[in-house]
Every structure is written in C-alpha cells, then in structure tokens.
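Take a look at the structure below.
Protein chains: 4
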Amino acid sequence: MGSFFGEKVRISVFGESHGTAMGVIIDGLPSGEEIDMNEVYVQMSRRAPGGDKTATPRKEADFPEVLSGMLNGKTTGAPLAAVIHNTNTRSSDYGNLLDSPRPGHADYTAYLKYSGFNDIRGGGHFSGRLTANIVFAGAVVRQILKRRGISIAAHIYSIGNVSDTAFDACGIDSELTDRLNKSKFALVNTECEQAMRDVVEAARLDSDSVGGIIECIIQGMPAGVGDPMFNGVENVLSAAMFGVPAVKGIEFGSGFSGTLKRGSQNNDEFYFDEKGIVRTYTNNHGGALGGITSGMPIVFRVAVKPTPSVSAEQKTVNLQTGENTTVIVKGRHDPCIVPRAVPVIEAAAAIAVINML
Amino acid sequence: MGSFFGEKVRISVFGESHGTAMGVIIDGLPSGEEIDMNEVYVQMSRRAPGGDKTATPRKEADFPEVLSGMLNGKTTGAPLAAVIHNTNTRSSDYGNLLDSPRPGHADYTAYLKYSGFNDIRGGGHFSGRLTANIVFAGAVVRQILKRRGISIAAHIYSIGNVSDTAFDACGIDSELTDRLNKSKFALVNTECEQAMRDVVEAARLDSDSVGGIIECIIQGMPAGVGDPMFNGVENVLSAAMFGVPAVKGIEFGSGFSGTLKRGSQNNDEFYFDEKGIVRTYTNNHGGALGGITSGMPIVFRVAVKPTPSVSAEQKTVNLQTGENTTVIVKGRHDPCIVPRAVPVIEAAAAIAVINML
Amino acid sequence: MGSFFGEKVRISVFGESHGTAMGVIIDGLPSGEEIDMNEVYVQMSRRAPGGDKTATPRKEADFPEVLSGMLNGKTTGAPLAAVIHNTNTRSSDYGNLLDSPRPGHADYTAYLKYSGFNDIRGGGHFSGRLTANIVFAGAVVRQILKRRGISIAAHIYSIGNVSDTAFDACGIDSELTDRLNKSKFALVNTECEQAMRDVVEAARLDSDSVGGIIECIIQGMPAGVGDPMFNGVENVLSAAMFGVPAVKGIEFGSGFSGTLKRGSQNNDEFYFDEKGIVRTYTNNHGGALGGITSGMPIVFRVAVKPTPSVSAEQKTVNLQTGENTTVIVKGRHDPCIVPRAVPVIEAAAAIAVINML
Amino acid sequence: MGSFFGEKVRISVFGESHGTAMGVIIDGLPSGEEIDMNEVYVQMSRRAPGGDKTATPRKEADFPEVLSGMLNGKTTGAPLAAVIHNTNTRSSDYGNLLDSPRPGHADYTAYLKYSGFNDIRGGGHFSGRLTANIVFAGAVVRQILKRRGISIAAHIYSIGNVSDTAFDACGIDSELTDRLNKSKFALVNTECEQAMRDVVEAARLDSDSVGGIIECIIQGMPAGVGDPMFNGVENVLSAAMFGVPAVKGIEFGSGFSGTLKRGSQNNDEFYFDEKGIVRTYTNNHGGALGGITSGMPIVFRVAVKPTPSVSAEQKTVNLQTGENTTVIVKGRHDPCIVPRAVPVIEAAAAIAVINML
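Structure (structure tokens):
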C-alpha cells in the first residue's frame, strides 16, 4: 500500500497504464474553492506526451472527468475524485516482458512483490503515465495555494551536462513564475534550450535517453510552518518527490555542494528588510531550518534519471526458464522526460505544501 | 507534531538539550528479541561528543535507562522506553540567544513556531544531542535486523573536498561492515583519515566548521519489499534521513551523477548469479526500482551541512527591538560532526528499514 | 478529511448522492486474489433500495465498474478502484433544504463545516447511498478473508421492540452463516420476520420510521491478533462501524448488559477443547481481551437509529433569514433501513478485519 | 503496535505494571500553555487506588515527573514527556500466571501475541495501572481545552443495577461540572451513593466484583468539527474509549434505547435560541450528526465490565502442560473500578477532543 500521500489533504492515486481508467481522489480540500479547469488542462498538457510541440494534448480523452467534490465550479468539501479514461489499451508487444524484465524499470520488482499478478502492460501501476493524476491533483491544489499567496515554479536545471541558470534562491519575480508555469520547456535562460534539445536529439538518434535535474522554488509559504525531526519541510517534500518515478535524489538549498563550504560561508545571516520582515542575505538553508520554514523561499533540486526505455539490446533474465537472456524494448520512447517532469514536480510540491499548512 | 517515525515500529523522541532528560519510545518491536546493551553502548559512544578519542563516552550518565519493554534481556513486545538523564543543565550563556537567533540554527524558526515559549537552551528540542535517542533506537533495531540477515554500514564519503573510496554498490563484505560498525571515524580507505582530519583541524583553527557526505549501504533486505509511489524505499528512507539535523540532501544509487549518464549506461542489466539469484551487474538504481527492493544493496548518500556553530561574529536580528544586530556564538564547538553523524545515519536507516519489512 | 479507513488495506470513498458518480479505492489488497463479481453483486443487491423484494437490484447502473486493480478476474496488487455511475441526478425538490436543515440529518452540520458549499442534494456525501461503496469494498475483502478461513455474518437483532434470537456467541455453523450472507432480511429465527415487518409497516403508515440493532459475528480470526490500548480489536471495529451512517452505539460480547453481572459471572473460563485448542465456555468478552483476539468469535451489536427521513412537519431554522420555521421532507422514505444495513455492517467489519491481520 | 493515539496531538504510552517506570509522551501540544500541576495531581488522585477515602494519593511516587516539554510552568511545544516511577515492583505471586491465564484478563491473549515474552507481572502493559498515564495526559489537555471554552464531565451512570440521574443531554451547568471534576465518586444525584456502595460492598464480601456505566458530557465544542464517514466525532471518541481497559461498549445520545423510538421522536428539532445560536430542543443525536458537531453537547455512555479480578477458583488451562486446570487469583482486588474509571474516561475524551480541533 502506498499510492496515497498526505495527512491533511490526502491524495489517493489508482490506475494501470493500459487499464480501463486511472484517477485520483483528493480528500480534505477546503470547500468553496473555485477551480479553473482550463488552468488544470494547461498543467496537464505540459505533462502530456507530445505536448511539447503543441498547446493541446493529443486527445480529449486524456482530460480527466470530475466525478465528485465539485459543484458549480467550486469544491464542495467532499472528496474530489477524477478519472482519466484510457483510449489506448492495446496489449500487444508485452508478451515477453512477463518473463524478461526490462533493466531500469520496475518490471522485476513488481513481479516479486505481486507474484506476477500485476498488470505488466506499459508498466502497469508503475507507469510514468500515472503522473497525470499527480499533475491533476497538483493543479487543483495550486489554485488554492495561489489564493493564499503561495506560488510554485520549477525549471529544467540541467539536461545531461547542459545547465540552465539557477534560480535566485532568495526569490524570483512573478513574471518568471508565470512564464515557467505555462512553459513546456521551462528554463530561466531560454537561450539554453537549443543546447539541451541537441543533447536530447543526440540521445534519440542513438535510441538512447538522457536525464537531468529539476529545480523548484516555493514562494509565499508562511514562516514557522513544519514540524521538527521527522515531519519537517524536507521530510514531507522528499517523501512526495520520491513518489515521482525516476527521481533518485533531492537536495535543499546549497545541498550537496554546501558540504564543500565552511560553516561561516554556508550560514545565512539574518536581517530585517525594509518592511520589517526577517530575511536572510543568502538562502543556503533552502527555506527551512530545523524542518520549519524561515519565510525565505523553499528551494530544492531533484535528480531525474535517464529514462530506462532505450532501444539497445540489454541483458536480463528469463524468470520462467531461469536462464540469462536479453531483451529489446520495442516502441517509440521519449528520450528525455525531464521537460515533462517539470509540472509533475511542481504538482507534487503543491501536494506536499498543502499538507504542511 | 513530528518527533516520531514509522507505521509498523513507531519511534517517538522527546527531550530538550538542557532539560531534565530526553528519551525515546519504540512501539511495535517483536517480542522475545535479545538486546545486547553493550552493543547499544558501542553505538552510542560512536556518536557521543569526545568519543572519537576514547572507547567510552564521557559520562556514565549519557547511557540510557530502559524503563519498560525489556525483561531478562529480551523485548517483551510492550513499548520499549528509555531515558537519558541530563547531568549538564547549566543555563548560562543563552540569554541573548532568546533575542538574537544564531544563523544556520533553528533558533529563529523555533521562535516563530512556538511563539518564543520553546526552550532555547542548547537548541532545545532541535539540538543535535537529541540524535542520541535515534542512535539508541537504531542500535536496538539493528540487532533485530541482523538476526534477519540485514546489515547496515556507513562511512565518511567526504569531508569538505577530501573523499574516501566509495562503497562497491554491488556489495561489501562482512569484515568491512563490522569494522565500520565499530569505528568512530568510519572510512573504507583509512589512509584518507589524516587528510580529512587536516581539513577539520584547519576549520577548527579558524573557529569555523566543515560539512561532508555520508554514504550508507543496507544489505540483506529481502527483494520485493516497499510500496509503489509514495511509500517506497526512497520515500521512507528520505523521510527518516531528513529527521537527522544538518542533513540537506539525499541521493540513491547513481543519484545526481546519474543524470549525466545515458539510459543505456545507467540501466542495470540483470543476470542469474551462480546461486540462481537475480542480481544486476551494476547498481546505479541503488537497490530499489519503482520503490521496491530488487535484492541488490540499498545504497544512498546524504549531505551533511557544515555545523552552523561557528565563532565568527555574524549578522542577525534582535527580535525584541526589531533592529539588525550581530551575534557571537560562545563556547567550544565541534568543527565537524560528520564522523559522529555516521552512526546516526545508520540508526535512522535501521528505523526506516524495520518499518518496511 | 475522513472518507478513508485502514492502515494496511486502505479504503477511500468518494461521491455525493446526486453527483456524477461515486466510488471507492481499495489500496493494499494482496495480489492474485480471484474476485467473483457475482458474489459482489449479491452483496450489493442486499443493500440496494427495493432489493428486499427481488433478487436483482433495480438497475444495472447500480453495479460498479472496476477501473483498475483487477486483471483476468484477479487482483493485481495495484489499488482496486470502482465507480458507480449515477443515473438519477435530478436536483429538484432540494431548494429549501439549503436554507432549512432537516432534523436528524447532517444537513446542518455539513452546512457549518463546508460553509454551505457542500452538495445538499440527497444528503450529498452524507447520503446512505454512499454505503454502496462500503458494501462493494467489503464484498471484495470478504472473499479474500474467506480464503483465510474468516467468515462474517450479521442479522437483524431487533427492529423496534421485536427481537430475533441472539447468536450463540461461542459460534454459529456455516449453514447459518451462508443463509444470512444471502438474505435480504437476515434473521436467525425467521419466524420473527412478520412481527418485524408489522412494526415497519406501522411506521410507514404513519409516515414515520423505526430503528433497530444489528448483531455481527466474525469467526475464524486467528488468536493473538490486535494491539493493546488504542489499536485493539474493539478500537478498530468501532472506528469502522461509526463510519456507517445512523450507527449510534456499539457493544462487544456482553456489552452494556455485562455491567449488570458480577465478575465471576462475566468472566469466561478457559478450557482445552477436544482438538487441544484453547476456548472459553462462554463468550462474554466478545472475542477480544486486552484488545487482542482470543480465538473465540468476535461478537458485537450496533444500534441503528430510526431513519431521520420522516414525513411529519418538523421544526427547524432558516439559516438565511435567521428565523425559526418548519420543514416537511418530501419524497418516499424507507421506513426502516435496518435490513439493508446488515450487509453494510458485515462489509465494514470485513474492512476492519483485514486491517488487523 | 497500538499504545498511541491521535493525529494532531499524539499520546504515546509506555510501561508495565511492575516495571521500572511507566509514562507518556504528548506530542503536538500548543506552546505557551500554562499547566497547573496541582490540578493534574487532583485528577491523578481521583484515579489512584485507595484515593476514594482521601484527598491525596497513597505515595508521592505515584506523581509523574515531567522530563521535557515544560519550562517555567508552560508548554514549550516540544513533546511533553512524563514518567511515573514504580516503587512497588515485587514480583512474587505471579509464578503460576505464566502458565495459567486468569479468565477475563489479557493474560492469555498477551501470551499468544508476545509468545510468552511479555511481562506477566500485574498484567504488564495491560494493567489498569497504565491508565494513570492517560489521566496525566488528559489532565494536561483538559486545561488547554478549558481555555478554549471546552469542558468535560463524567459521572457514574450506574453500578450494577443502581442508577444515578442521567445528565440533561442539552447541557449541565458549570457548578455541576466543577463538582464532578473534583469528585472521587462522581454522581449527579449524590443520594445514590450509599446504594451504589452497598452493591460494591456486597460484591467485595463475596470476593467478587461489579461493573457499571459511565456517562460523559463534552460542552463548548465548536459546531462544525469532525469529518464525515470514518473520522467523525463518534469514530474518534470510540477509538479512544476502547483504549481504556474494561470498556466493552459505547453509545452516543439516545444510543441503543434510540432504536426503540420512532424517527419522529428521535429526531432533534432545531431552533434559534435567544442569542441567535442554533440549538436542538432535545439531544438524542448526542452532539454529532454525520460525524460533525452540531454545537449541542456531546453525550455518550460507556459500559465498564465487572473487574475480572475475583477471588473464586476459576477454570483455566495450563499452557505448559496442555491440561485443563483451575486458578485462584490472590491478592486484594478492587471490587469496582467504575468510580476510579470516571476520570480516565474524562481524560480519554479530552485526548480525543483535542485531536478533532
């Protein structure tokens, strides 16, 4: 059991890649919140495959149907449930995957856990497709957070060895936030785009894939939020982030590079700003000290591993015969999911944040 | 609320640095488990300040008193509770901290959250001293895990820019595990010790501090453990790790550096070993795919920020007067907590692991 | 937030009486479990309104559609989600309820909690109709429990002042279990049926309603299950039972009447039966001592209040005008939900039980 | 695992009857709350054995020592921990209990669950003595609730077949509340006391015991609190109440007797009182509709079974030899715990209530 998150606003996700439908329940939303479904669709289209080239997702069917929890465009306070019906449930081409797990995928571990009864088609419940539900839930939650002055923005920090300009950890302006929140290839410095696309294209031509890093900033969180020890800002956010497939690392503020600094450099000195608000000159702490928000932006980066779907022949095992063998993963693969993962990270952050308020 | 962890075996920590006592309840342990208190003491002495130079902690008083949950050296199944009485509750020298929070510490955020009613002395509930309770709980749990074939070892991966040899991610032998589990300066390659100590000593002479990275390996976990999405191996371990003060990042397997690899390089190919067990040739996935254990070792690294306790004058605010001011943190500070944090990381890992079984 | 239950197998319910659809996610089921949907339908038809007279529910549409978690008739281990589409979403006749809450219903308290944004139609999320989801989930879970030797049966203990024969608390045979599990008017002594129906009919003729008591027995639970203090058998079962609308009391074993006994009478003496199994001669403890199962059947009774939907004019308030007023609840009402609540109680018991194993 | 309660304010209890010490952690209290320890002692003395005759408990040692979470008489926001040291740890007289479980006690079920490793002396973790921790925690919490206008009072509703006057379910005055909150034999109508004592004395002379019913009223709860379905007022309160040993039933409002009423009688009609507050003329619903508070007092009754400690020879089993045998429970027993259970019920109610706010 694990496809849910949150103690205050609970997200429960269901579905398998090639099943009848997938969806999500959001339990615990405040009532009376107006939800703009167009804005939800914008976020979902940022994540949708192929969405990079066009403003609309491939198919109307990818849009979720809200089954409960909304009335006249506003939340009722009852659990908000939405389903995304599946129009593509072909099950061909998966025969040998039942026997021969794909390296880097969850085929083998799911086989172990579910004794082979899991739906292997398209990765089943482990498919990246399931992140559409996270984006849906996040898009709903973000509108509620925005009304409370909280904004979340993420960008492609790097793809392979090509890096974007990092966020100013002490804060970004609303113009940049808005631009990133609409972008399908979210960058601070848009001049990096071509170099990044070149890296992706090179991988594609090799039938290979590349990973990257996504940086996320959460602004407007009240200071003094979060709990000490095991329920702090970092604990909750990291638990949410590792719910996004392919995320293999997370760091807050100066993170791993902070270990190369002296304490005197890494400490963030306090001051009263012109409005009398306590701020820090730098933000190496990433917005939380002792697990509790300081009022500075929460800044973190997550490592997204290169998509395991590659076309090369790879060594694997045949679980039926007990022999070593090889597997070739057919089909067209997305050589880099990092751009599409940006709205997923924002959404997962939103879900974590609403659980801290 | 947040000073507890776990859904199956619940750890609840209490205490403030200069309070009467601190302690921990471990609820949900199996009954009939023999606990060797000497081994518990070994682990606690690895964490104790000053313990680096000697085999015993400074004071007998640092040893915990078990109040319940043990009978005749074995667990009864009732909650196991232990307290560590405080022999050092002097409260001098903290007067101005009430007004002027120390940069990098939780003074300011705790002040916000608790409206100034928190016990500021020694950092109160946010003190690193509280990790003694985590080490105690972990030391108990590790003995239970060991009986089930699960071992946990960590080493100082780096201090500042000096690095130890990384673990072989596909597994380390029991000799190295045992050596590390007793060491107060745990290194794979002990020849790194002097260079690391030089970095620490240089910081100390500057009244400054340094951080580092700790690498941890968990071996013997059954394959097929963990849950998809929000309750996987990485979610649970990261939520535990960020419970350790000063941890600001975590990565599993190839982690952040994996983003520089192609998918074909980062994927770990499967094979049957000579015993017919499925293994991977490499372990870039760090032991979990889709949140579920693969049977390969769980390998992760955590970033430990440089201790914020430094002697230099630092800018801060006076929360009473509303003016910008400076603070000098008095007393002797540990210029590098990384060696002492190694057993804390191992302990937190043990607590996370027993909650996944 | 509260429309979910369970730490091991989590049930999440959504929906509003007159919304698009309602449904349930069951997260944490074991994989590879064959689920007989016909048996699920039998249970759902026992609960369905009007189902008392006929073997099939009114409309095919009342049957749930399984969206995920099943493949080839077996559980996949992924969250099992089902929806029940609503064919009857007329919203007439509810206008004045927005202003004037019906006595005995949740109209007023929901209005307070959700600031009037809740879907008032048909009681919204508080409608008894939502129990169809509990019955669905319970029917799935019961098949899994049955394979582990655990059976659950309930009967109408009383309607108004007419009582059925109580269960033999030391155990009932499988024949009675099977009969009750199929019955739409479940009685130990079927000769009580007419007297009970007379009570209901009398209430109906008065446009009034009657309540009753349901007794439930859970057999085959392993001994030694449950946790002390706040997570024992009674805690978990009662938390589940009060999730069923109209339940206002619960008692285990001799319960309230046990307070009239002496300790020497109420204590259940132990003996080894012919198979060497420890049993008690009587079962006043109701199957749990110290929160832990004894191996004897778990026996409890729940009080079901008379349905608040009555046709008489009742005093109420106008929340808009702030004046005292009256309300007449239109429509046909079920004068006694007790028979239909029997399968709901069994289902809720099953959901509680699987979370204790 | 189960010796904890609460999602917002978490109570974690530890200890065994004859162990070194027992205690409780309260995690999540608001900071800055002044706690009057004298008032805590008053509550604890109401529960203490022998306390019925005198204003102070038997021994100073029964008073808890606060180890953390308090500074200068106020809560710090850190977990509040207290221990009660045990001055009476004699372990004689329990030899044969290891083999021959006492009827009505948890000896047998604990033996099963903990494979005989549990501390059997005095009932170990299942001892009624552990309720001292609940009273401590409740006494702290009640002071916080009182500041928010919430009061809790309970009385002996009945002992055996002698009944006190029931509470006016629509509210009791502060004078009665205060009197009950100090009483060691809490009655609405104190003229019942002698008849109740006669019942108890008769049982004592027979070396037997009697049970009873406790009624509790919670006033001042804000309206609109609680969650639908599985996290409502009744779910949370009942889960807390069954954490009190010997409680075998609970009913809210008209409860079981409400099943004898018609809906038109059991419904509580609404009106605006002179202050413009919505109230009901009667309170058969017991303060919650749909799991959510209506603003009327929360009223419930719990059944307390007769103490299983009786002196008569009782049939039991010898778990070592596998033979049927008998047991005589030695020592002086409390023939009726109902008066002492009153403050425990109040305390458990307080713990439940603070988790709903």
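Chains as they are written, first to last, in my numbering: chain A, 6 to 362; chain B, 6 to 362; chain C, 6 to 362; chain D, 6 to 362.
Here a beta-carbon is modelled for each residue, glycine too, at the ideal position from N, C-alpha and C.
Buried or exposed for residue i, going by 16 or more other Cβ atoms inside 10 Å?
i, result
"Asn43/D", "exposed"
"Lys266/A", "buried"
"Asp124/C", "buried"
"Leu210/B", "exposed"
"Leu76/C", "buried"
"Arg337/D", "exposed"
"Thr298/B", "buried"
"Gly327/B", "exposed"
"Ile157/A", "buried"
"Lys280/C", "exposed"
Which residues in the same chain have their Cβ closer than 7 Å to the Cβ of residue i, if we skip the five residues on either side of it in sequence?
i, result
"Thr331/A", "Glu318, Gln319, Lys320, Thr321"
"Asp232/B", "Gly296"
In chain order, what residues of the same chain have a beta carbon less than 6 Å from the beta carbon of residue i, not counting five sequence neighbours either side?
i, result
"Ser163/A", "Gly217, Ile218"
"Arg345/B", "Arg52"
"Met201/D", "Ile164, Val167"
"Thr136/C", "Val349"
"Ile30/B", "Ser17, Pro84, Ala86"
"Asn193/B", "At residue 193/B the sequence reads Val, which differs from the Asn that was named. For Val193/B, where only same-chain residues beyond five positions count, the Cβ hits under 6 Å are His160, Asp169, Thr170."
I need the DSSP call for residue i, collapsed to helix, strand or coil.
i, result
"Glu38/A", "coil"
"Thr81/D", "coil"
"Ile127/A", "Note that residue 127/A corresponds to Gly in the displayed sequence, not to Ile. Helix, per DSSP."
"Leu135/B", "helix"
"Leu242/A", "helix"
"Cys341/A", "coil"
"Phe275/B", "strand"
"Asn43/C", "helix"
"Val146/C", "helix"
"Ala308/A", "strand"
"Phe9/D", "strand"
"Gly365/C", "For residue 365/C there is no data in the structure shown, the boundaries of chain C being 6 and 362."
"Asn289/B", "coil"
"Phe247/C", "coil"
"Glu196/C", "helix"
"Lys187/B", "helix"
"Tyr119/C", "coil"
"Met361/D", "coil"
Who are the Cβ neighbours of residue i in its own chain at under 8 Å, not counting the five residues just before and after it?
i, result
"Glu38/A", "Lys79, Thr80, Gln148, Ile149, Arg152"
"Ala115/B", "Asn123, Ile125, Gly129, His130, Phe131"
Residue i and residue j look like a contact to me (Cβ under 8 Å); what is the Cβ gap, rounded to whole Å?
i, j, result
"Lys253/B", "Phe257/A", "5 Å"
"Pro340/B", "Val205/B", "5 Å"
"Ser36/D", "Glu21/B", "Not quite, the Cβ-Cβ distance comes to about 12 Å (not below 8 Å), so this is no contact."
"Cys175/D", "Phe305/D", "Their Cβ separation, rounded to whole angstroms, is 15 Å, which puts Cys175/D and Phe305/D out of contact at 8 Å."
"Met246/D", "Phe141/D", "Between Phe141/D and Met246/D the Cβ distance is about 18 Å, and since that is not below 8 Å, they are no contact."
Quick one: which residues of the segment 114 to 141 of chain B get their C-beta closer than 8 Å to a C-beta of chain A? List them in chain order. Thr114, Ala115, Leu117, Lys118, His130, Phe131, Leu135
Compile a chain-ordered list of the residues in the segment 211 to 230 of chain A whose CB is closer than 7 Å to at least one CB of chain B. Asp213, Ser214, Val215, Gly216, Gly217, Ile218, Ala228, Gly229
According to a CB-to-CB cut-off of less than 8 Å, which residues of the segment 66 to 96 of chain A neighbour chain C? Glu70, Val71, Leu72, Ser73, Gly74, Leu76, Lys79, Thr80, Thr81, Gly82, Ala83, Pro84, Leu85, Ala86, Val88
Can you pull out the residues from the segment 17 to 32 of chain C whose beta carbon lies closer than 8 Å to at least one beta carbon of chain A? Ser17, Val18, Phe19, Gly20, Glu21, Gly24, Thr25, Ala26, Met27, Gly28, Ile30, Asp32
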